[in-house]
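Residue numbers (the numbering used here), protein chains in the order written: chain A, 46 to 344; chain B, 46 to 344; chain C, 2 to 585; chain D, 2 to 585.
Everything below concerns the one structure shown next.
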Amino acid sequence: MADSSVRSPVAVPAATLPVVGKSETKPTWCPGCGDFGVVAAIEMALKRLAIPSHEVVLVSGIGCSSNLPHFLSSYGFHGVHGRVLPVAEGIRWANHGLTVIGTGGDGDGFGIGVGHFVHTMRRNVDLTYVTMDNQIYGLTTGQASPTSSLGHTTKSTPTGVIENPIDPVALALASGATYVARGFSGDVKHLVDLIANGIRHKGFAFVDVFSPCVTYNKINTFDFFRQRVYKLESAGHDPSNLVRAWERALEWGDKIPIGLFYRTERPTYEELEEVLHAGPLARQPAGLVDPGPILDEFV
Amino acid sequence: MADSSVRSPVAVPAATLPVVGKSETKPTWCPGCGDFGVVAAIEMALKRLAIPSHEVVLVSGIGCSSNLPHFLSSYGFHGVHGRVLPVAEGIRWANHGLTVIGTGGDGDGFGIGVGHFVHTMRRNVDLTYVTMDNQIYGLTTGQASPTSSLGHTTKSTPTGVIENPIDPVALALASGATYVARGFSGDVKHLVDLIANGIRHKGFAFVDVFSPCVTYNKINTFDFFRQRVYKLESAGHDPSNLVRAWERALEWGDKIPIGLFYRTERPTYEELEEVLHAGPLARQPAGLVDPGPILDEFV
Amino acid sequence: MQELSVRVGGQAGDGIASVGEAIARSFSRMGLHVFALNAYQSVIRGGHVWFQARASPRRSYSQGDAADVLYALDKATVEIHAAQLRPGAVVVHDPEKFAVAPSELPAGVTPLAVPTLEIARKYTSQSILQNAGGVGAVAFLAGIPLDVLHQVLVDSFGKKKGEVVDWNVGASTDGYKFAEGHASPNARVLTRQGPAKLLLTGNQAIALGAAAAGCKFLAQYPMTPASTIMHWMAAHARTLGVVVKQAEDELAAIHMAIGASFAGVRSMTATSGGGFSLMVEALGMAGMTETPLVVVESQRSGPSTGLPTKTEQGDLNLMLGAGQGEFPRAILAPSHPADAYAATIDAFRLAEDWQTPILLASDFHLSENFATVDREELQAPPPPTSLFTVAPNGGDYRRYQNTPSGVSPRAIPGQAGLQFIAGSDEHDERGHLISDVKAGIPLWISERQRMMDKRMRKLEGLAGAVPAPVLEGPPDAPVTFVTWGSTIGAVRDAIAELAEQGRPANLLRFPAVYPLDVARVRPLLAGARRTILVEANYSGQFGRLLRAETGFAIGDRLLKYDGEPFSPHEIVARALEAPSDGRQ
Amino acid sequence: MQELSVRVGGQAGDGIASVGEAIARSFSRMGLHVFALNAYQSVIRGGHVWFQARASPRRSYSQGDAADVLYALDKATVEIHAAQLRPGAVVVHDPEKFAVAPSELPAGVTPLAVPTLEIARKYTSQSILQNAGGVGAVAFLAGIPLDVLHQVLVDSFGKKKGEVVDWNVGASTDGYKFAEGHASPNARVLTRQGPAKLLLTGNQAIALGAAAAGCKFLAQYPMTPASTIMHWMAAHARTLGVVVKQAEDELAAIHMAIGASFAGVRSMTATSGGGFSLMVEALGMAGMTETPLVVVESQRSGPSTGLPTKTEQGDLNLMLGAGQGEFPRAILAPSHPADAYAATIDAFRLAEDWQTPILLASDFHLSENFATVDREELQAPPPPTSLFTVAPNGGDYRRYQNTPSGVSPRAIPGQAGLQFIAGSDEHDERGHLISDVKAGIPLWISERQRMMDKRMRKLEGLAGAVPAPVLEGPPDAPVTFVTWGSTIGAVRDAIAELAEQGRPANLLRFPAVYPLDVARVRPLLAGARRTILVEANYSGQFGRLLRAETGFAIGDRLLKYDGEPFSPHEIVARALEAPSDGRQ
Ligand SMILES: Cc1ncc(C[n+]2csc(CCOP(=O)(O)OP(=O)(O)O)c2C)c(N)n1
Ligand SMILES: Cc1ncc(C[n+]2csc(CCOP(=O)(O)OP(=O)(O)O)c2C)c(N)n1
Ligand code: SF4
Ligand code: SF4
Ligand SMILES: [Mg+2]
Ligand SMILES: [Mg+2]
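Have a look at this one:
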């Protein structure tokens, strides 16, 4: 049987409630990795919103970027490759009092995990998903990712990528996401806004972040993006218009938009799931006190 | 060891080459099922294009609709649930002399299989994918499917669906499909055109077909569609314009467009894969006659 | 054994299951025990389906071997089932549809032509009443009082009463009277035996057990024969306060359940072998992150898509091997709905106590067939204790603390001061990664080993915590059947039959097939005079597991992998045969 | 054994692997045998990584136990590895980076401070030349002639020659000369032994073997330690005419490979346990549709993500159980690159002969480490015969014909007149479904059983067709090690060591772990005087399989699951210990 120490239920005194900060684990990313900007931005966004650490859960898959939860002081679930979103959904539905943020890479989210990506968005689950899109598989030492550009030569594509890259923003628009943004880890301040607003947003918020891999992607570098990105906010873009958002999503070349592409309001999954109206599932009473009444149907 | 009969290689006399027709297996669908119209349309399209049966491979997953390959006289691969497209891709790459058509249901293609759907389209693999979209899980006796409408009550959603349905056409546009069409099994003639043109199309051709389930979907019936569908061909739609296609994809309500939403030309995966320039892989010589030269790199 | 069986056959779409259920429920309301078999094909309309309700005063555990009343909705039914009718049986059919000549039936079996369509037309021109007359006739032959049948029919329409209900009552009365005028009740008819029993399927029992155990979250993707767990739970979701999520696939389903469990609710997923194949990676993640999880694996005939609506116990190897690397798990294998209810409650308790995935192995035969259960067999378990098991202890909280049992204190997101990362990589007691900058460094090499030992140690505890193997029947019987799961049912019935023939046999059954407490199992096997392994698979998977664990090779094997459940007769026959050469 | 080992350590990103490979390749070009271990962590920069090249005139099969030259690129390397240096060893380091006092080293080990950075600055201010001086010094200590080293360095730059190459040559010369002036070569240095040997990893051997066997299609998703199969094949795709597809996930990868095989090309997929977990369902589909398929499963430390860059043999249960229901499979487990080449060729032959999936079990230790192979060991197999094995015979073609061997005539799409459907549902000899309107009907119940028998019969043939177990060493030795896969290497080295100590031992190894020809295996086990199971996993998975198959319980077990490969010493130590109580 389990140790007795383990079985003693206990009241939780919510004494001091520090907000999310750095954890005792130092990031293991390569010096200069784009992901440093993203973890900083998430930390600042959570600080800005003053959400206590113990009410935040960071969920990730596998990849360099997916180590992120270890570097902040919140709860975290560092699962397997590509399954960030179903785990995050399960957490939200079990306790929609928590702030749940999915984090991970482009391979994790748009390669192996793209099916969940599409389905979570159509559900409008109220969570935030931040992808560190470096257009490469970092942790496995440099193969093509679903967002690698045509012609990119990598370990798995020594003669160049021959598949059209996935456009995460277009895919999000097509899948019914209610908050669709793109950031750049070279512009942390802007990124903090996108993430903080995403967390505040009621519904699924997607923030794709250009987060250069300085080790394996010699094409989509900080410089590459610095020369190309422009802000939708300063370009008069109307984020409430789905057709305009689509047009912007298709832009790729000398000018690449970052910022908020689209935002709309739609009831969240949690709002539509009536069982949750009685409060977070984790706090609702569980079990049948008396199976009697329900057994009548089997007579 | 294997039987000797099995090991005797043999030349294949391409004597008489009948085109695709019905097989000796009679469809097992419910009387009135929409899938009858789809199998008829595929048969007619293949007849119109005069493709011999032995050069056609129909690939499917699992579902009522996925039984389709059994009812035609071509080769077929009736695989597992949701994996139509990777099997079809493998077949194409092994022998791009074959005409490969993926078939299956909405659950198969847009539920469990949606990840492959997105990736196959961005690759522009030269195959045709026909989905029998009945907005329900037929073979498992009537649960909600990813295309079931909001509010639809089914065995798995007794209080109504609360997820926004997937829009396969929008998803296809966002994923880079080069031929995106929608048909209705109540209009076989029109459907034959869409499928035949899809097969002719150089690249990935997607034809989503409203194919009512008369047993489990009492909402999206033949009548439902008869009252709503209109043809893009008669509405002056320009299928070369991706933004116009997107606008049409968003239409859903009293008027629902069918026809060709979008078509463009882009090199196919098979064209870009240089190894295939020497002809179908299945006919290229295999094995190392002399490993010697390649071993030098290990010295 | 005293028993009477009614079989109904026809095409999918003919309403066979409703007819069958009405008869079965009439029996259970008479206080009789019922085992009801629902046999169908992987097609929605057409083909051939049948339903058999076997009633008896004492509990019978299987569908039995023969029937006494056959209601044939098409001619094929007569052809397929006639051979399994007992002398004295009657075949009910409508002469307007097809004729049945006595010569087409075995000796002692007679046809009874009932004008069901004609009766139906008395009430309506709609086709909804076709079977009511037949059901009435069957009731007469099977000794079901008309009032019992009527109440069952009325209840089956639920709240939507109206003229259809009246028509059904009328037409079934007509059928009953017609039979009364043209035939006599079967000689085996049974009388009322006291209060109504509950009639439910294995899947209903599992869903009910989960609710009783405090399951608040079920994520599932439809797959026969597991789908009806979701259907039942979805239908009761609001009443029970359970969130039921149909996921986009089984990968998502299990990950959702793991996420929910991590966040503090008892969670479950359910599937069949094909879907479970997609859950293999996540199962190991639950093991590694030490997240409680209950997974129902309802087996069907494989391999691959196989026979989706037929039974088999062919996934044991899969359940044993699921997941790369090693982590603790247990596999419970109930045999009967009453048992399934209790086993599900056990599974939740074990998952939470041991913080690891627990598999509940069912199969088509248990999941989709009906059996009677007494109310007392479905007790509410003690209410689950709080999941919040840990006091905040400042910076020293170790989620994966290395304890003697292997079980560590568990915090739940939302608890202040106890934040940790549940990681699928190897980690230390605090949850910090060992896989990156620590891997391969001497200090951490041994820490990795300690963490493996900590987790795997749970297996020893689990072996004692799971239900123990049971030797049923005379301990010194000359024959011992060894079996597990739903196959136990037919073996029990076979043993009763053998006992009637003066041939004692006993049964060594394993309510939990893994982990085994070898010290407890070995003497049970060693004490047997002749062992016969009975399993519904090709290679005797459980027999192989037993041998791997104990070294004991079971002498004889009766294996079945044609999709059909065992019938008691074939088990009896094997017991009566000479033992084989003992080769395994 | 006569041997000399060089170890290099530092941080990820320091170029350890290139330094190590240069030393290893210098040895192999001297005609020496080499076993080279590449130890890294799941992190791209930082942490601690090392590389060890062990050279010997006779083949050594493992990394051995100790080193004679340590090139330390950081201080941590000294701390971590000093204890494993043999007397006479020298530690090369750059004093500009850190100092090493003799007192920090074991007795008999001396530091050698080499000004590598200073040397580098002579040529360039770029940081690309940091290690060249050190490599030169190591070469001197290890008895590598300067010309050999230079040629290796030049070749390693491939076609992109230029000043960098010259700088490397210059700096390494400087390092060599510096060492020559300040130290003497190790006493164990080895001399040239004839023509250069080939040096390659297990994964390179597998990829090469696949190409030799006629593999034309490889679909894979990156996963350590299988990724380099794809890397090698992709780099040679055009030369070899192989289509290499990086799929969106492992589900797609295996389905693509099955599709390609169905359409007539030899196909393969490769992954590690996590990815293989996602292939479980498809594996059964290949079994059911009788499509040939080769799957490489390169194991790493589990469970779940575990230690992605460390070794283990923990996925055997997974490989045995993968797929719901039952279908034939075989599992080959090579131990060394030479062996891996041959086993891959075998795998393709078996897959095609028996039309079923064949698993090639590798692990990190085999896949990612280097060993030397002689050219003669890598023969081209006889060219594969045509896949088009069937003459058109009109309407009577039966793709799934029930034959004595279980293998049926195979047609390939594109062949006229032979169209059939490969179905994952149960089907008859023609490929028509049994699952829908036929399921459960007596005639088809027995046909289902026959189809199961037909497929499963292949297992009997496979048991004879896979490579047989081998008893290596003196047949009557007092100790018999039982093992499989990459662990064979350390056992072989341990046996050599034991022999030197006058303690004979032998080795029962299983090139194929499944299926086993029990009649052949039993006497081999029964004849052993004392058996010791050696496996890199927690529960002795292969030992359990052996017991399930043969009833034989192996007396002693040496199990390791800390992520590190076995070292010969720990195996020797176990053999010298008293036998345990034989409890398994
Ligand atoms: C099922 C499975 N397949 C493959 C892997 C190996 N793997 C680990 S990380 C990774 C991709 C990493 O790329 P990305 O998600 O873009 O993250 P990045 O490292 O670039 O941040 C892969 C393929 C795995 N862990 N699990
Ligand atoms: C891995 C797996 N999960 C679930 C199933 C069960 N299953 C069979 S068909 C089906 C869905 C059928 O729906 P759809 O694809 O829309 O086809 P339809 O029957 O409506 O034509 C499901 C869930 C399965 N066969 N395999
Ligand atoms: S490999 Fe790339 S993505 Fe990974 S840590 Fe280094 S820079 Fe970042
Ligand atoms: S259940 Fe629906 S989809 Fe399936 S065959 Fe019947 S009508 Fe067609
Ligand atoms: Mg990436
Ligand atoms: Mg459907």
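Backbone N, C-alpha and C fix where the C-beta goes; we use that ideal spot for every residue, glycine too.
Where residue i meets chain C, residues with beta-carbon distance less than 7 Å
{"i": "Ser6 of chain D", "result": "Within 7 Å Cβ-Cβ: nothing; Ser6 of chain D doesn't reach chain C, min ~17 Å."}
Chain-ordered chain B contacts of residue i [CB-CB under 9 Å]
{"i": "Ala264 of chain C", "result": "Under the 9 Å cutoff, chain B gives no residues; its nearest Cβ is about 20 Å from Ala264 of chain C."}
Helix, strand or coil at residue i [DSSP, three-state]
{"i": "Gly243 of chain A", "result": "helix"}
{"i": "Ser57 of chain C", "result": "strand"}
{"i": "His570 of chain C", "result": "helix"}
{"i": "Ile113 of chain D", "result": "The residue you asked about is not Ile; residue 113 of chain D is Leu in the sequence shown. It is a strand residue."}
{"i": "Gly89 of chain D", "result": "strand"}
{"i": "Thr78 of chain D", "result": "helix"}
{"i": "Glu378 of chain D", "result": "helix"}
{"i": "Tyr562 of chain C", "result": "coil"}
Cβ-heavy atom distance, residue i to ligand 5, below 7 Å
{"i": "Tyr182 of chain A", "result": "yes"}
{"i": "Asp250 of chain D", "result": "no"}
Element boundaries [beta strand (DSSP E), containing residue i]
{"i": "Ile255 of chain C", "result": "No beta strand (DSSP E) contains Ile255 of chain C, which is instead part of the alpha helix (DSSP H) from Glu251 to Phe263."}
{"i": "Phe270 of chain B", "result": "Note, Phe270 of chain B: premise wrong, no beta strand (DSSP E); alpha helix (DSSP H) at Phe267 to Arg273."}
Per-residue contacts from residue i into chain D (C-beta, under 7 Å)
{"i": "Gly324 of chain C", "result": "Ser278, Pro304 and Leu319"}
Closer than 7 Å: residue i CB and nearest ligand 6 heavy atom
{"i": "Asp151 of chain B", "result": "yes"}
{"i": "Gly108 of chain B", "result": "yes"}
Interface partners of residue i on chain D, CB under 8 Å
{"i": "Gln329 of chain B", "result": "Lys217 and Gly242"}
Any non-hydrogen atom of ligand 2 within 7 Å of residue i CB
{"i": "Val159 of chain B", "result": "no"}
Interface partners of residue i on chain B, CB under 7 Å
{"i": "Gly324 of chain A", "result": "By Cβ distance, chain B contributes nothing, its closest Cβ being about 18 Å from Gly324 of chain A, past 7 Å."}
For residue i, the first and last residue of its enclosing alpha helix (DSSP H)
{"i": "Thr174 of chain C", "result": "Glu164 to His183"}
{"i": "Gly10 of chain C", "result": "Premise fails: Gly10 of chain C lies in the beta strand (DSSP E), Leu5 to Ala13, not in any alpha helix (DSSP H)."}
{"i": "Lys92 of chain A", "result": "Asp80 to Arg93"}
Contact test: residue i Cβ vs ligand 3 heavy atom, cutoff 7 Å
{"i": "Tyr1 of chain D", "result": "With chain D covering only 2 through 585, there is no way to say anything about residue 1 of chain D."}
{"i": "Asp80 of chain A", "result": "yes"}
Contacts that residue i makes with chain B (C-beta to C-beta distance below 8 Å)
{"i": "Gly203 of chain C", "result": "Residues of chain B passing the Cβ test: none, with the nearest at roughly 18 Å."}
>> What ranges does the alpha helix (DSSP H) occupy inside the stretch 287 to 374 of chain D, keeping only unbroken runs of at least 4 residues that lie completely in it?
In response: For the stretch 287 to 374 of chain D, whole alpha helix (DSSP H) runs of length 4 or above, ordered along the chain, are 317 to 322, 338 to 355 and 365 to 369.
> What are the start and end residues of each continuous beta strand (DSSP E) run of 3 or more residues lying completely inside the stretch 174 to 238 of chain A, in chain order?
Replying inline: Counting only runs of 3 or more, we get 224 to 229.
>> Which complete alpha helix (DSSP H) runs does the stretch 221 to 248 of chain D hold, if anything under 4 residues is left out?
In response: List check, alpha helix (DSSP H) in window: 228 to 236 and 238 to 241.
> Could you give the uninterrupted runs of the alpha helix (DSSP H) lying entirely in the stretch 113 to 137 of chain C, keeping only those of 4 residues or more?
Replying inline: Complete alpha helix (DSSP H) runs here, min 4: 117 to 124.
> Which runs of the beta strand (DSSP E) spanning at least 3 residues fall entirely within the stretch 95 to 180 of chain A, listed in chain order?
Replying inline: Annotation note: the stretch 95 to 180 of chain A contains the following uninterrupted beta strand (DSSP E) runs of length 3 or greater, listed N- to C-terminal: 101 to 105, 120 to 123, 144 to 150 and 173 to 178.
>> For a minimum of 3 consecutive residues, which ranges assigned as the beta strand (DSSP E) are wholly contained in the stretch 512 to 564 of chain C?
In response: 513 to 515, 532 to 536 and 557 to 560, all fully within the stretch 512 to 564 of chain C.
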